[in-house]
Structures are given as structure tokens and as C-alpha cells.
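The next block holds one structure in the form of C-alpha cells; read it before the comments.
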Amino acid sequence: MEVREAIGRRRSIRFLLPHKPVELDKIQRMLEAARIASHWGNVSTLRAIVIQRDKADKEVLAALPPPVAGYQIGLAPVVIVWYLESAACDQVGERLTELVEVGAIGYGPGRHEEVANKLVPLMQSAAEVLKQPGMSEVDCGQGIAQATLMAVEMGLGTCCLGTGDPDRVRRKLGLPESCRVLIIQTVGYPAESPEAGGQRPRLPFDKLFHLNGYGKPFPRDAEVVAELKKDQLLQAEAPLAWRDAELTYLQRALNLKGQGLLE
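Using the working numbering, the final residue of the sequence shown is 663, and nothing's skipped along the way.
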């Protein structure tokens, strides 16, 4: 599967096969994709702990389920806890120097001195501010997105979940206080169809994007939309006619009770 197809099918897969383990080499490929994602200052604050459901400590597993849709944690053979290590910002000087040495930033014969004498002190003085929620979360999101695309390309399903008590998760995993739990991602082989019920509802294009100023909607070209649909980068909108029947089947096959939202 090409990455462009993975983009088109990059939707949350909430129903996974609980009996089919995920090979560690596939998880490694996800982590490799996350590692090379762009990050300000090259500091790489994105980190992860991979948890195998059949090998993890029961107390750790008990701390993971979110306030809603907790059944997903019970189904997933693998859960990735993505977290941000704010202490990585303290190494911004070293990390920027590496970028100069490989020709990624700066130019001309004096680029080493320019970066060392101006950029590095500037970034170091802002390190404490940059540790606060903001830019790092954006860059961590890029890494998680790349990992998700890699997972879809390998035929895996994933879903990113919040947690009602991220600090509790942090403590159970033994992470230092400099870390912030970002998201919990379930990973496994899909039990549901790749369409997962179809393209979920989204706000109108012209309500989200602007051109040359706020309140000036970005023009949406119908031909571009048609091409994206042809390439399956935009799929049929939900609800698909057979979705209710599929959900009934999944509920029975996976032995899920009730409506599945609060379990």
C-alpha cells in the first residue's frame, strides 16, 4: 500500500482483533517514522512507551482506559503511550550545532559562529518557555501522525485516545515529572472494514480555511475534490448503508456489551 492510500484510509479503527498479536518489527517501523519527524530545534521531545497487553503489568493496564470507549484498550494487542519529555529542550544548543554541521541550517563560511553566538543563546534563553505546552505538542503531533501513516500502510488499525488522568498514567509508568502524557494509541489488526463506516462528518471546507485574510474562504475547486475521490483520498461519506449490520456483528463477535461507548 502506498503512503497516499494510507492517507486516504487514515481514520480511527476502534475495533481490533484481540487474539492477533502485532509483530514488534511493525511497531518499530512506526517508531522509526515518528523519530525522523520534524521538530523545532531538533530537540525531539516526542517519546513513547510500547505496552503489550498480554505482557504488561495489570496496574499499568488498569490506569490506561479513557473515560469513554475504554473497551478499545481491552481489545488492542498493543498500546503506545506517547509522551513529551520537556527536559529535552535543555539540549537545544547541542542539537542546533548538529544541524549546522550537517548543513541543515546556516550558510556561508561563518555559519558555525553565527549559530553558536546568536541562535543558540537565543534558544537557550527561551528553553523554559518552550517547555510549556505549545510548539512541542505540535511537533509531537507530526511524529504521531507519521507513525499512524506507517501503521495503516502495514495493514494495522489504530485509534488515538485521551486519558482522564494523564498524571496517573505518568506515575504508573514511572515517568519523571518533566514528562507529559500526550495520547494513548491502540494498535492492532482491524476487525472492522477499512472504511470504518465511511468518512466521518467534518465542518465545511470554507468554514475552516482562509485565503489572504480571515473571513475570506479559501476557494474549493470541485475538480480537485473529484480527483481526490478518484484516488480514494476522499472516501464515501458516512453513514454507509451496511454500517449498522457491521456494528451488530462486531458487538457479538468481540463479546462487547451495551452500546460500547462507556465500557
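We put the CB at the ideal spot given by N, CA and C, even for glycine.
Any non-hydrogen atom of the ligand PLP closer than 7 Å to residue i Cβ
i	result
P566	Because no ligand of any kind appears in the structure shown, any question about the ligand PLP cannot be addressed here.
Classification of residue i by the beta-carbon crowding that lies within 10 angstroms, buried from 16 upward
i	result
Y507	exposed
M401	In this prediction, M401 has a pLDDT of 44, which is less than 50 and means its spatial position is unreliable; nothing more can be read from the coordinates.
Y471	buried
I436	exposed
P481	It is worth fixing the name first, because residue 481 is Val in this sequence and not Pro. Its Cβ being crowded by 16 or more others within 10 Å, V481 is buried.
Y483	buried
L496	buried
P619	exposed
E553	buried
P477	buried
K531	buried
G557	buried
T548	buried
S536	buried
V502	exposed
A591	buried
F415	buried
R404	Here the model assigns R404 a pLDDT of 49, short of 50, so the residue's position is not dependable and the matter cannot be decided.
Terminal residues of the alpha helix (DSSP H) in which residue i lies
i	result
L446	Looking at the DSSP string, L446 is not in any alpha helix (DSSP H); the run it does join, the beta strand (DSSP E), is L446 to Q452.
K657	Note, K657: premise wrong, no alpha helix (DSSP H); not H, not E.
V569	P566 to K572
DSSP-derived helix/strand/coil call for residue i
i	result
R580	strand
Y634	The sequence shown places Leu at residue 634, rather than the Tyr named in the question. Looking at L634 - three-state DSSP - the assignment turns out to be coil, as it is neither helix nor strand.
L561	strand
G588	strand
I413	coil
L424	helix
R643	helix
According to DSSP, residues forming a beta bridge with residue i
i	result
H610	P617
Q491	Answer is none; Q491 lacks a bridge partner.
Q546	Looking at the DSSP assignment, Q546 forms no beta bridge with any residue, so it has no partner.
* To do: Please specify which runs of the alpha helix (DSSP H), each continuous and at least 4 residues long, are wholly inside the region 507-542, giving them in chain order.
  => Entirely contained in the region 507-542, the alpha helix (DSSP H) runs reaching 4 residues are, in chain order, 511-514, 520-525 and 527-530.
* To do: Scan the region 456-484 and note each continuous alpha helix (DSSP H) run of 4 residues or more that stays entirely inside, going in chain order.
  => At a cut-off of 4 residues, the continuous stretches assigned as alpha helix (DSSP H) that sit fully inside the region 456-484 are 458-463 and 471-475.
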